[in-house]
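Chemist: Protein chains in written order, with the numbering used here: chain V, 1 to 337; chain E, 1 to 337; chain B, 1 to 337; chain G, 1 to 337.
Number of protein chains: 4
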Amino acid sequence: MTYQVAVAGASGYAGGEVLRLLADHPQLDVVAAGAHSNAGEYITAVHPHLTAYGDRRFTPTTPEAFAEADLVIMTLPHGQSAALAAQLPAGQKIVDLGADHRLEDAAAWEAYYPGPHAGTWTYGLPELPGQREAIAASTRVAATGCYAVATILALRPLLDAGIASPEDVVVVAASGTSGAGNAPKKNLLASEVMGAMSPYKVGAHQHVPEIKQASGAASISMTPLLAPMPRGIISTVTAKATGDVTAADVHAALVKAYDGEHFVRVLREGQWPSTASTFGTNAVQLQGTVDKDSGRIIVTSAIDNLGKGAAGQVVQCANLMLGLPEAAGLTVNGVAP
Amino acid sequence: MTYQVAVAGASGYAGGEVLRLLADHPQLDVVAAGAHSNAGEYITAVHPHLTAYGDRRFTPTTPEAFAEADLVIMTLPHGQSAALAAQLPAGQKIVDLGADHRLEDAAAWEAYYPGPHAGTWTYGLPELPGQREAIAASTRVAATGCYAVATILALRPLLDAGIASPEDVVVVAASGTSGAGNAPKKNLLASEVMGAMSPYKVGAHQHVPEIKQASGAASISMTPLLAPMPRGIISTVTAKATGDVTAADVHAALVKAYDGEHFVRVLREGQWPSTASTFGTNAVQLQGTVDKDSGRIIVTSAIDNLGKGAAGQVVQCANLMLGLPEAAGLTVNGVAP
Amino acid sequence: MTYQVAVAGASGYAGGEVLRLLADHPQLDVVAAGAHSNAGEYITAVHPHLTAYGDRRFTPTTPEAFAEADLVIMTLPHGQSAALAAQLPAGQKIVDLGADHRLEDAAAWEAYYPGPHAGTWTYGLPELPGQREAIAASTRVAATGCYAVATILALRPLLDAGIASPEDVVVVAASGTSGAGNAPKKNLLASEVMGAMSPYKVGAHQHVPEIKQASGAASISMTPLLAPMPRGIISTVTAKATGDVTAADVHAALVKAYDGEHFVRVLREGQWPSTASTFGTNAVQLQGTVDKDSGRIIVTSAIDNLGKGAAGQVVQCANLMLGLPEAAGLTVNGVAP
Amino acid sequence: MTYQVAVAGASGYAGGEVLRLLADHPQLDVVAAGAHSNAGEYITAVHPHLTAYGDRRFTPTTPEAFAEADLVIMTLPHGQSAALAAQLPAGQKIVDLGADHRLEDAAAWEAYYPGPHAGTWTYGLPELPGQREAIAASTRVAATGCYAVATILALRPLLDAGIASPEDVVVVAASGTSGAGNAPKKNLLASEVMGAMSPYKVGAHQHVPEIKQASGAASISMTPLLAPMPRGIISTVTAKATGDVTAADVHAALVKAYDGEHFVRVLREGQWPSTASTFGTNAVQLQGTVDKDSGRIIVTSAIDNLGKGAAGQVVQCANLMLGLPEAAGLTVNGVAP
């Protein structure tokens, strides 16, 4: 059985990665690759790596262009998804990578985003307890923010196991540059980025409420950094131990939480996650320990920000919503070195 | 129909890429991943990106370990393939990425390689005229050198079309660092390579006789450079025009040569190849023109040195030799950005 | 007035950077560049960027080779400085970049380093209160660890101002690859590092006791990461506020602490440190704020790990010890982009 | 004796590098740092690495703002220098990094540049025979193009020595991204460039006539590539030998041509140039040999495109024009690794 998928926002980096995954997906076809200013252009003029698209062109981003789609994937700038979704038929399935419909709490939305809260859809992180079934039963799914995926999957098992305090979680995470999109800006030029690491949005990142909602944390300090690499997020999550916790306890909590999960891998003792190992995949690598001096629990996670952090998880949700094998068209084997 | 494949040299970068491709290949299974000093270790201890291999371990590199393989892929250091091949049954199919069996001329071998010439196998570049059929009919195939793939595919159409002279071809090509392997050396350290470009083996690269043999060139000056990127080869090939040749003539010669080829793409006018577009693929990008000042023909090609330059072409040959679809398990869509 | 300087460990990256700074220093000359296995080789064979050394060669690392030096700079592997220092005349000034003589507490030494504690020298961080004068009056100075420089300078002003708690400090810091030295190892190969971020020594970094000693912190969780760049450290330091602390309070504490300091720059509001801005310098960039969700104070610092993190601070100390202008031969202007 | 220098185009990368060099120059002071849209802004808002400029701001680019300058350095987009120069007093010395006044032949100008030819100034490459004296005697100097510096210095000694033919020279050169400036463009984003090499302006680069004029070459095919590094040019220059030429002959021709030159270094046999070794310097590294298969002479040169390729040579020319030591404020020691 093959389904038709439309992509809104296909000229961006996340949209391009969706197109890449769908081009080699055994059961999903791209019926429309929607863009705005690029509508009408060759897909390969914007994404020269997507050889399979040959002479195909971007379509406009309209309900008409997407009419034949069984499912619409939206990789639009934050705030634009709600308006488009409102124009699509209620029965047309949607996975939205934008932040518009992730938060349950309107006040949390208003604290970090402009404009009114658009409502809440099913949260698209299948590895959370009960969430896989909820996604499969939904027509509207709000996929997870890139830093949020990496941080929630590292943090929640600690809280669920009761070994970490939900208060005073500290997260420092670094992302590759594709997370900042492909609109030209001076600070994203190769000349500026190569050889450089620097923080941004310090003290107020918009993924904080989403991480709290999905992990159960009560307070999070999160500092993001831009790293000189095209892809990848590495998130270092530290939390206070609730008692006498060992590295083995941390490892066991992670292993238990992800037993049987295809895309999440708790590494062997002594191995630590590397973004390179997740390049091009929907995989998550995790490892944890306890700090010698402070007794804090430290868990590090690595993902591909365009994979499990964006296009990969979106295709994973689409597979679930359409009744396909969850891993169809997705890999856990990184393109390395 | 599924076939069993053994890999000799699976702990190197090219071997790791073969394992990656086979892990997601619909009709080929890895029956043994042979190594030397790493035999007995977890595959993921050496290749932490190959999540699918879980708890599997490297085997020794012996005929016994490979006994159940329908086909053996060798990614061994140059000079070691011949000895191993001699121990394998005559009917067991082999694709060898080493240089041992590429050259027809023993004198050419001796001019660039140590030790005696081991003989000649079918040359594993399916896009050459007649070669696809020869490979499909062979049990022993010698795959192509990484620089050679990029250069031959750029050069031969010019000579076949009679628009370029076979004399005085000049090639300057840059490779990512994975082409130099994963044995630790100071000049390959990240600290040394990032921000650096430098030439090596200037004036005497061992791929020259192979390029001449497969392209028909009479004389080649080839200078390789090490580039600060993990993968990719970009080859700039220039040749003297035989007469009044235009950019359109060059483009037409390339298009004609690769009409219908799945992995070779002659770009649209104005687009030039980029290694990034071929990252993780078996694809080749080509573009050409005529130099304004000198009248020389210039053709640039881009490949992934571990893809079409190594593991990709090897899997492509294996597919042909086993009667599978030539593109099975291979993609043309690069992992970019 | 010109002084003679000998360098022990001149074939490593830190030693090479010392040679670079001394080559263009107006009042310091290199009388001997000591090495072990490289003794007798051309300096430019190991450091091809140090053009000014022309046909000079490395000397052995012996008291005889260093006899004419007014001051000896040691950039040896941790644990080797003490043995060499014991052989040098008591009046010969020494700046040691090794960890051997940094710690006051023998128990702290033993918790993180092998071998017995060698004793304590003047701690070589001139920007700490009173330390400039102590260094100028010393013949033996123990320079600061690279992560320690970046972290102490960010943290101590918060504790001195009483706005941050010394308990439960959390530090996540990323370093360029030159911090790991130039001995060839697989995990430091360019192929492995480019595109990759990964943590190491998680939960137990040897700079923790040094940071506590020099900053007054009571408990520190520190996680270091390897970043895909040749140089630079970015340290994100978070600490609990002691009361109702604002971003302006944090900024004011930093400004007050470094008023008049030549090498430390607290950035304008809205600007955050970048390792690129400190490339090739002895400069430190700082900026801070208060986290919106958690109320934690966040201060980020950037240095060149081979500059203020190693060779730069060593030359700064040498200048002080010899009565030269503190900034002689050192710059605050980064080589960027 | 100290002189006042004004910089026009100080907000670009080349202009920023001029500011960096002048900040640490013992005898030149920056009296005005002129910009257009950035006039009035802090210099460190655009160049956060130039710590020494503190609270200084960009000035407008006008004769009034530059009135007190003994010498004006222009790093403007090609075509803008002539208009500004026409407004400055005839006695005010100018070094122009733009192409406007480099070419002697108006037809050559018109073949590669838009607009009318503005006339010819003294060519600012002091290492050419007789040129050092010409520059010192000039009030108007046209500095050399970045690819031109690297290529001319590699090529001319071969032609002067009569060992290479001026016909059919083939050049392939790669540049770091700073050569493309700091105006934001999608193809220059870090996401696009890291991991990528690609050619541009294939077959028609504007530096070709300049190289021919200054080297004596009759015909040049030049292909430039963009490399994933912030700085550096590596130029591979090949030319047909005029007879039976050996590697020793090539080496000897280079050594003879640059005997006594402070900034040009012909490497020892076996060493080849690397851009990393020239990072942040005004140095040139050269090495050559003869190709085994074709007999072509191959010479490779490395420079910092912002150093000897731009700001370094401009300061070198300014030193000569003002009667200062030629190397004042310039180094030959690269910032590496």
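The beta-carbon is built from N, C-alpha and C at its ideal position, and this holds for glycine as well. None of the values given here were measured: they were computed from a predicted structure.
Determine whether the Cβ of Phe66(E) lies closer than 9 Å to any Cβ atom of chain D.
Modeler: Going by chain labels, chain D is absent from the structure shown, which instead holds the protein chains V, E, B and G.
Chemist: Can you list, in chain order, the residues of its chain whose CB lies under 6 Å from that of Ala99(V), leaving out five sequence neighbours each side?
Modeler: For the purposes of this step, residue 99(V) is taken as residue 99 along the first sequence, with counting starting at 1. Excluding residues within five positions, the ones whose Cβ falls inside 6 Å are His78.
Chemist: Less than 9 Å between CB atoms is the rule here; does Lys186(E) satisfy it with respect to chain B?
Modeler: Within the second sequence, numbered from 1, the residue matching residue 186(E) stands at position 186. So, interface residue.
Chemist: Along chain B, which residues have their Cβ under 9 Å away from the Cβ of Asn305(E)?
Modeler: Taking the first residue of the second sequence as position 1, residue 305(E) is located at position 305. Neighbours of Asn305(E) on chain B: none; closest Cβ ~11 Å, over 9 Å.
Chemist: Nearest by alpha-carbon distance to Asp291(G): which of Asp24(E), Thr151(E), Val208(E) is it?
Modeler: By 1-based counting over the fourth sequence, the position of residue 291(G) is 291. Nearest neighbour of Asp291(G) by Cα position, chosen from Asp24(E), Thr151(E), Val208(E), turns out to be Val208(E).
Chemist: Assuming Asn305(B) contacts Gly124(B) under a Cβ cut-off of 8 Å, what Cβ separation, rounded to an integer in Å, is found between them?
Modeler: On the third sequence, position 305 is the one that residue 305(B) refers to. On the third sequence, position 124 is the one that residue 124(B) refers to. About 16 Å separates the two Cβ atoms, so there is no contact after all.
Chemist: Can you list the residues of chain G that Met321(V) reaches, using a CB-CB cut of under 8 Å?
Modeler: Translated into the one-based positions of the first sequence, residue 321(V) becomes position 321. Near Met321(V) there are no residues of chain G at all, since even the closest Cβ is about 30 Å away, more than 8 Å.
Chemist: Starting from Gln206(G), trace the beta strand (DSSP E) both ways and give me its first and last residue.
Modeler: Along the fourth sequence, read from residue 1 onward, the residue named residue 206(G) stands at position 206. Unbroken run through Gln206(G): none, as it is neither H nor E.
Chemist: Going along the chain, which residues of its own chain have a beta-carbon closer than 8 Å to the beta-carbon of Met197(B), five neighbours each way excluded?
Modeler: Residue mapping note: residue 197(B) aligns to position 197 of the third sequence, counting from 1. These residues qualify, in order along the chain: Ala174, Leu225, Leu226, Ala227, Pro228.
Chemist: Could I get the ranges of all uninterrupted alpha helix (DSSP H) runs contained in the stretch 58 to 116 of chain E, with 4 residues as the minimum, in chain order?
Modeler: 81 to 87, 106 to 112
Chemist: Short check: CB of Ala302(V) to CB of Val332(V), under 9 Å?
Modeler: For this step, residue 302(V) is matched to residue 302 along the first sequence. For this step, residue 332(V) is matched to residue 332 along the first sequence. Not in contact: Ala302(V) and Val332(V) (Cβ atoms no closer than 9 Å).
Chemist: To the nearest whole angstrom, what separates the beta carbons of Phe111(V) and Gly309(V), a pair I think is in contact under 8 Å?
Modeler: Reading the first sequence from its first residue, position 111 is the one you call residue 111(V). Reading the first sequence from its first residue, position 309 is the one you call residue 309(V). One point to set straight first is that residue 111(V) is Ala, not Phe, in the sequence displayed. Contact flag wrong, Cβ pair sits at about 23 Å.
Chemist: Could you tell me how far apart the beta carbons of Arg57(E) and Ile73(E) are, in whole angstroms, since I believe they sit closer than 8 Å?
Modeler: Taking the first residue of the second sequence as position 1, residue 57(E) is located at position 57. Taking the first residue of the second sequence as position 1, residue 73(E) is located at position 73. Their Cβ separation, rounded to whole angstroms, is 18 Å, which puts Arg57(E) and Ile73(E) out of contact at 8 Å.
Chemist: Within 9 Å of any Cβ in chain B, is that where the Cβ of Ser191(E) sits?
Modeler: In the second sequence, counting from the first residue as 1, residue 191(E) sits at position 191. Interface residue, yes.
Chemist: Quick check on Ala325(V): does DSSP put it in helix, strand or coil?
Modeler: Sequence index remark: in the first sequence, residue 325(V) carries index 325 (1-based). At residue 325(V) the sequence reads Pro, which differs from the Ala that was named. Pro325(V) falls in the coil class under three-state DSSP.
Chemist: Using beta carbons (cut-off 9 Å, strictly below), is Pro325(B) in contact with chain G?
Modeler: Your numbering for residue 325(B) matches position 325 in the third sequence. For Pro325(B), the answer is no, since every Cβ of chain G falls outside 9 Å of its Cβ.
Chemist: Does the CB of Phe279(B) have a neighbour CB from chain V at under 9 Å?
Modeler: Reading the third sequence from its first residue, position 279 is the one you call residue 279(B). So yes, Phe279(B) belongs to the interface.
Chemist: Keeping to the same chain, check which residues put their C-beta closer than 6 Å to that of Gly16(V); ignore five residues upstream and five downstream.
Modeler: Position 16 of the first sequence, counted from the start, is the residue given in the question as residue 16(V). Same-chain partners within the cutoff: His47.
Chemist: Give me the residue from Pro337(V), Val299(V), Val315(V) with the minimum Cα distance to Asp24(V).
Modeler: The residue you call residue 24(V) lines up with position 24 of the first sequence. Minimum Cα distance to Asp24(V) is reached at Val315(V).
Chemist: Of the residues Ala118(B), Gln92(B), Ser11(B), Tyr200(B), which one's Cα is nearest the Cα of Glu104(B)?
Modeler: Taking the first residue of the third sequence as 1, we reach residue 104(B) at position 104. Ranking Ala118(B), Gln92(B), Ser11(B), Tyr200(B) by Cα distance to Glu104(B) puts Ala118(B) first.
Chemist: Distance cutoff 9 Å, beta carbons only. Does Tyr258(G) sit that close to anything in chain E?
Modeler: Stepping through the fourth sequence from its first residue, residue 258(G) is reached at position 258. Output row for Tyr258(G): interface = no.
Chemist: Determine the extent of the alpha helix (DSSP H) in which Gly15(B) is found, giving its start and end residues.
Modeler: In the third sequence, the residue the question calls residue 15(B) occupies position 15. Per DSSP, Gly15(B) belongs to the alpha helix (DSSP H) from 13 to 23.
Chemist: Could you tell me whether the Cβ atoms of Ala35(B) and Ala10(B) are closer together than 9 Å?
Modeler: Translated into positions along the third sequence, residue 35(B) becomes position 35. Translated into positions along the third sequence, residue 10(B) becomes position 10. Yes, they are a contact pair.
Chemist: Can you tell which of Ile297(G), Ala108(G), Ser219(G) has the C-alpha that lies nearest to the C-alpha of Gly295(E)?
Modeler: Translated into positions along the second sequence, residue 295(E) becomes position 295. Minimum Cα distance to Gly295(E) is reached at Ser219(G).
Chemist: Please list the terminal residues of the continuous beta strand (DSSP E) segment that includes Tyr147(E).
Modeler: Sequence index remark: in the second sequence, residue 147(E) carries index 147 (1-based). Note, Tyr147(E): premise wrong, no beta strand (DSSP E); alpha helix (DSSP H) at 146 to 160.
Chemist: With DSSP collapsed to three states, give me the class of Ser294(B).
Modeler: Within the third sequence, numbered from 1, the residue matching residue 294(B) stands at position 294. Coil, per DSSP.
Chemist: Whose Cβ in chain G lies nearer than 9 Å to the Cβ of Arg296(E)?
Modeler: Residue 296(E) sits at position 296 when you count from the first residue of the second sequence. Those within 9 Å of Arg296(E) in chain G are Asp168, Val170, Gly203, Ser219, Ser221.
Chemist: With a floor of 3 residues, list each beta strand (DSSP E) that falls wholly inside the stretch 157 to 194 of chain G, ordered by position along the chain.
Modeler: 169 to 175
Chemist: Taking C-beta to C-beta, are Thr289(B) and Gly307(B) nearer than 9 Å?
Modeler: Residue 289(B) sits at position 289 when you count from the first residue of the third sequence. Residue 307(B) sits at position 307 when you count from the first residue of the third sequence. Taking 9 Å as the Cβ cut-off, Thr289(B) and Gly307(B) do not qualify as a contacting pair.
Chemist: Could you pull the DSSP bridge partners for Met222(V) from this structure?
Modeler: Here the question's residue 222(V) lines up with position 222 in the first sequence. Met222(V) pairs with Val171(V).
Chemist: Counting pairs of beta carbons, one from the stretch 321 to 329 of chain B and one from the stretch 120 to 136 of chain B, are three or more of them closer than 8 Å?
Modeler: yes
Chemist: Using a Cβ-Cβ cutoff of less than 7 Å, which residues in the same chain neighbour Ser215(E) once the five nearest sequence positions on both sides are dropped?
Modeler: As a working note, residue 215(E) is residue 215 in the second sequence. Excluding positions up to five away in sequence, the list reads Ile152, Leu155, Arg156, Leu159.
Chemist: Following the continuous alpha helix (DSSP H) through Val250(G), name the residue where it begins and the one where it ends.
Modeler: Here residue 250(G) corresponds to residue number 250 of the fourth sequence, with the count starting at 1. Segment 247 to 257, the alpha helix (DSSP H) holding Val250(G).
Chemist: For chain V, is any of its Cβ atoms less than 9 Å away from the one on Pro129(G)?
Modeler: The residue you call residue 129(G) lines up with position 129 of the fourth sequence. No, Pro129(G) lies away from the interface with chain V (no Cβ there is under 9 Å from its Cβ).
Chemist: Run through DSSP, which three-state label would Gln285(E) get?
Modeler: For the purposes of this step, residue 285(E) is taken as residue 285 along the second sequence, with counting starting at 1. In the structure shown, Gln285(E) sits in a strand (DSSP, three-state: E or B).
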